[in-house]
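Protein chains in written order, with my numbering: chain A, 380 to 556; chain B, 4 to 595. Have a look at the structure below before the remarks.
Here you go:
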């Protein structure tokens, strides 16, 4: 009965949101799988673009515009291009391939399985009320960029500065050569 | 007198007619494939049998656009098939002058009849289906508004303005227009209209831009540029090129990575279009008014590079890889000064939303951020140079430098994929210029202060509501101002390309790391301190505020003088366009 009542209260926008969620989730999961399976490094980078873009789409659906855009500009637009740039500069053959040793594959599979079991057991255990947590903040009351910026420069000033220091450290390390 | 050879008069060879038959068959098949979609949507949800209460349901709302879209698609494809089939016939008929006249008259009558039918249908819908009164909150605007046909009609009779989030406030004098506005009450319809408008505008940019670029190039090099296709100054050159490119051989280098090779044009082409999601044309003329619009657009421009790199890599050609490498290192380095230069107007306006930044510049052209203080003035030029590099325009067009790298990352591309790269490039150019127009040149604000519209209406004693709206929008804020400014900056990009020679890759990196980057840092710091000194919440230094006012006026005057100078020089050049240039100039060629 509850589900019927919930279904009736949903607007067109909610249905569209559901559809978009499934699309973005499918893009993220499929490309993440591609990142793991693909042996061609450039294709791996492309799959990573799909994963990052899909997750950014999920952030947009949650009305977390700032973090979605930061995800796109920092990871998809910056880091990923640096990775591909590095591959192009360093690879010896035009079709550089990943050929990890068996031991690494086994280790990765083990860790992945452990994570999967942990997350699924937590999800299915019923200790967390997911339905209650899944309600998202309405657009009108979601935190604005200005508030996020103010928080970064007041409440979270120390982590922010530490982040900047990390950039400075990288710069110093570069000039020592 | 030589007879004019027209393409449809030349008999097609066996090969061409073979292609033609294939194209007709394909288009007809696609058109027929729409029928199951239409029938399925119709029978599954059957909109005609639904009760008034059901009309609020989302699924039912989806059906009319789905059906209409499919029917439209079917007609489009069937029309295309018929057009190819009747190519010869159409060619002969269109070449007669009276046909154009008949089409023109027919279009006018067609529009009148269409409007009348539309009004009839909507009146029927209103009488039989719709509740008498329906208020709802307009999404993303938050205004509660009663938008049934009756209320719109009533508002018109009383002379109230109708507030639509997409169109802004319009006062509608004729009731028939109210019925035309009726479908816009559904958010889905509004979104579809907005998407249609954006895609239409985006399609115009490359077509117009490429023709314009070739004309500008021709004029700068004392040529005429394209003159044949279409008639007047070769206006149909881009369309002719597009048709030619679509029919070219679809070549994929066998030694390359075929999948990535096919994918790369899309990754270059789609992000600049996505940037239009957040790029406002005027206060309400934006698809989604994101509060992070600026960063979103920058992110989209950043992703575009990925497609170029993939194109170079997947071609398996050393020239292509060189082009891609140059693009990567150029983009990664120029993104930093570009982003930092954009921070300066953000800081001056105190807002990250593009709408907010533009509205902070509404007090006449001297309040535009480019003139507001010396640091912003410098930042505009720093941003413009960096944006040239990010669009890989000359003098930074190293990724495709034709004199060294054949065609750079485009070497292996041909046909439609090649044209997609250019679509992406021209759209990105327009986005970058639009950003510059919004952030530094007041966006959609006119050069006059916002109060000038009321003054003009009072002086000219205008009483007609429609005319008042027109004057207000033209003298205060209108998308046309945004398009004018962005198009002017677009023209400057073309101008620079055909004036400056390409620089070397080491000079590109030198210019970024040792010139642009330190300069933007100094400007950023200077602007921060300047705003701190001027603002009332900051130090509020009296002497700095006085200097600020004087410098603002000087910069604004210099800007106007520059514009007048450019127009004057252009007029002089236009008057003397038949002369040779320089001290060799002669009024007449010898022997004439």
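Quick reminder that beta carbons are idealized off the backbone N, C-alpha and C, glycines included.
- Residue contact with chain B for residue 488 of chain A: absent (no Cβ-Cβ distance below 8 Å to any residue of chain B).
- Interface with chain B (8 Å Cβ-Cβ cutoff): residue 460 of chain A is included.
- Nearest CB-CB separation between residue 298 of chain B and chain A: below the 8 Å threshold.
- Residue pairing from DSSP places residue 448 of chain B in a beta bridge opposite B:480.
- Annotated as proximal: residue 429 of chain B and residue 212 of chain B, with beta-carbon spacing under 8 Å.
- It is roughly 12 Å from the alpha-carbon of residue 560 of chain B to the alpha-carbon of residue 371 of chain B.
- Nearest neighbour of residue 271 of chain B by Cα position, chosen from B:243, B:304, B:256 and B:442, turns out to be B:304.
- Counting along the chain, the unbroken alpha helix (DSSP H) around residue 508 of chain B starts and ends at 508-513.
- With 16 or more neighbouring CB atoms inside 10 Å of its own CB, residue 275 of chain B falls in the buried class.
- Taking the Cα positions, residue 428 of chain A is about 12 Å away from residue 453 of chain A.
- Nearest Cα to residue 296 of chain B within the set B:277, B:334 and B:313: B:277.
- From the beta-carbon of residue 316 of chain B, the residues of chain A found nearer than 9 Å are 421, 463, 466, 467 and 473.
- Taking a 10 Å sphere around the C-beta of residue 545 of chain B, we find fewer than 16 other C-beta atoms and assign the residue as exposed.
- Around the Cβ of residue 35 of chain B, a 10 Å sphere holds fewer than 16 other Cβ atoms; the residue is exposed.
- Beta-bridge partners assigned by DSSP to residue 433 of chain A: none are found.
- Excluding sequence positions up to five before and after residue 419 of chain B, its CB lies within less than 6 Å of the CB of 248 and 249, all in the same chain and listed in chain order.
- Of all alpha-carbon atoms in A:418, A:500 and A:435, the one lying nearest the alpha-carbon of residue 406 of chain A is that of A:435.
- Contact with chain B is found for residue 452 of chain A, since one of that chain's Cβ atoms lies less than 8 Å from the residue's Cβ.
- Note on residue 361 of chain B: 16 or more other CB atoms within 10 angstroms of its CB, so buried under the neighbour-count rule.
- Ranked by Cα distance from residue 552 of chain B, the options B:528, B:411 and B:377 are led by B:377.
- Annotation for residue 422 of chain B: the continuous alpha helix (DSSP H) segment containing it runs 418-443.
- Non-local C-beta neighbours of residue 498 of chain B in its own chain, meaning closer than 7 Å and more than five positions away in sequence, comprise 219, ordered along the chain.
- Close to residue 334 of chain B, with beta-carbon spacing below 8 Å, are these residues of chain A in chain order: 460.
- Not flagged as an interface residue toward chain B: residue 405 of chain A, since no C-beta distance is shorter than 8 Å.
- Residues of chain B whose Cβ lies closer than 7 Å to the Cβ of residue 456 of chain A are, in chain order, 302, 305 and 306.
- Of the residues B:494, B:109, B:33 and B:380, the one whose Cα lies closest to the Cα of residue 223 of chain B is B:494.
- For residue 524 of chain A, the chain B residues whose Cβ falls inside 7 Å of its Cβ are 294, 295 and 355, in order along the chain.
- Take the alpha-carbon of residue 256 of chain B and the one of residue 379 of chain B: they are about 48 Å apart.
- Counting C-beta atoms within 10 angstroms of its own C-beta, residue 108 of chain B has fewer than 16 neighbours from the protein chains shown and is therefore classed as exposed.
- Contact annotation, residue 411 of chain B with residue 322 of chain B: C-beta distance approximately 7 Å; criterion of less than 8 Å satisfied.
- Against chain A, a Cβ distance below 9 Å from residue 331 of chain B picks out 460, 461, 463, 464 and 467.
- Cβ atoms of residue 427 of chain B and residue 307 of chain B come within 8 Å of each other, at about 6 Å.
- With its beta carbon less than 8 Å from one in chain A, residue 328 of chain B belongs to the interface.
- Taking every protein chain shown into account, the CB of residue 294 of chain B has 16 or more other CB atoms within 10 angstroms, so this residue is buried.
- Legend: CB atoms of the region 257-272 of chain B lying less than 7 Å from CB atoms of chain A belong to residues 263.
- Below the 9 Å Cβ cutoff, chain B contributes no neighbours of residue 398 of chain A, its closest Cβ being approximately 11 Å away.
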